[in-house]
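Going by the numbering used here, the sequence shown opens with residue 5, and the numbers climb by one from there. Note that the Cβ used here is the ideal one computed from N, Cα and C, for glycine as well.
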Amino acid sequence: MKFYFRRLFSLKINTRSLLYGTMVLSLANFIVRLLGFAYRVFLSRMIGPQGMGLVQLVLPVFQIAITLTVSGIPIAVSRLVSEKNVKHDILGIRRTMTVSLSLVAIISTALTFIGLLNLDFISQLVIKDERTKGALFILFPCVIFIGLGAVLKGFFYGQKNIHPPALAEIIEQVTRMITAVGLVYWM
5 MKFYFRRLFS LKINTRSLLY GTMVLSLANF IVRLLGFAYR VFLSRMIGPQ
55 GMGLVQLVLP VFQIAITLTV SGIPIAVSRL VSEKNVKHDI LGIRRTMTVS
105 LSLVAIISTA LTFIGLLNLD FISQLVIKDE RTKGALFILF PCVIFIGLGA
155 VLKGFFYGQK NIHPPALAEI IEQVTRMITA VGLVYWM
């Protein structure tokens, strides 16, 4: 009987297994969604329906910029890093990361500058609300960080190391909440 309990409690969890990775990412996603729900409730109470309407006007433009920057990048990086990792090709992994980070940095920086230079056009003619200009001014530079973060997440997924991306998602959400609350109080 003693042997059975000792064996039961000495089981080791394979941190690179699909089941473990799925559980960790599901837990992180649940935490992010829960924080996001609380954040939206708090934000809607602080800025009211008019403010939430402005947020809803700005988000599609922001999401288009993010989509243009990172569409398919994490999956491609993950696949390439995984292939190179199996072959123990450290130089190939380094080259993949350098090219990916450079490409995303160039694309996201270009999109950010295009967005910032065309704030008047976007806010007046595309969104048709001048009040969105400030929010767009704050959000466009975030595209750079989101793009680079997507490449790094792809790298860690390719290495089968899901802890950094899971933790990064939670930290991202908490940072988003703190920043939004700070901006609401500041304005």
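Residue i versus residue j: straight-line alpha-carbon distance, rounded
i           : j           : result
residue 104 : residue 151 : 10 Å
residue 167 : residue 40  : 20 Å
residue 129 : residue 143 : 18 Å
residue 66  : residue 34  : 24 Å
residue 3   : residue 145 : Missing from the structure shown is residue 3; the chain here goes from 5 to 191 and no further.
residue 124 : residue 19  : 50 Å
residue 27  : residue 164 : 13 Å
residue 95  : residue 56  : 48 Å
residue 97  : residue 162 : 10 Å
Residues near residue i in its chain [Cβ-Cβ closer than 7 Å; skip 5 each side]
i           : result
residue 159 : 81, 85 and 101
residue 147 : 69, 70, 73, 112, 115 and 116
8 Å Cβ cutoff met for residue i and residue j
i           : j           : result
residue 58  : residue 184 : no
residue 136 : residue 62  : yes
residue 110 : residue 119 : no
Alpha helix (DSSP H) segment containing residue i, residue limits
i           : result
residue 160 : 146-162
residue 49  : 22-74
residue 83  : 77-90
residue 108 : 94-121
residue 180 : 167-190
residue 131 : Neither: residue 131 is in no alpha helix (DSSP H) and is coded neither H nor E.
Residue i classed as buried or exposed, judged by whether at least 16 other C-beta atoms fall within 10 angstroms
i           : result
residue 75  : exposed
residue 25  : buried
residue 179 : exposed
residue 169 : buried
residue 54  : exposed
residue 154 : buried
Spatial neighbours of residue i in its chain, beta-carbon cut-off 6 Å, leaving aside the 5 residues before and after
i           : result
residue 176 : none
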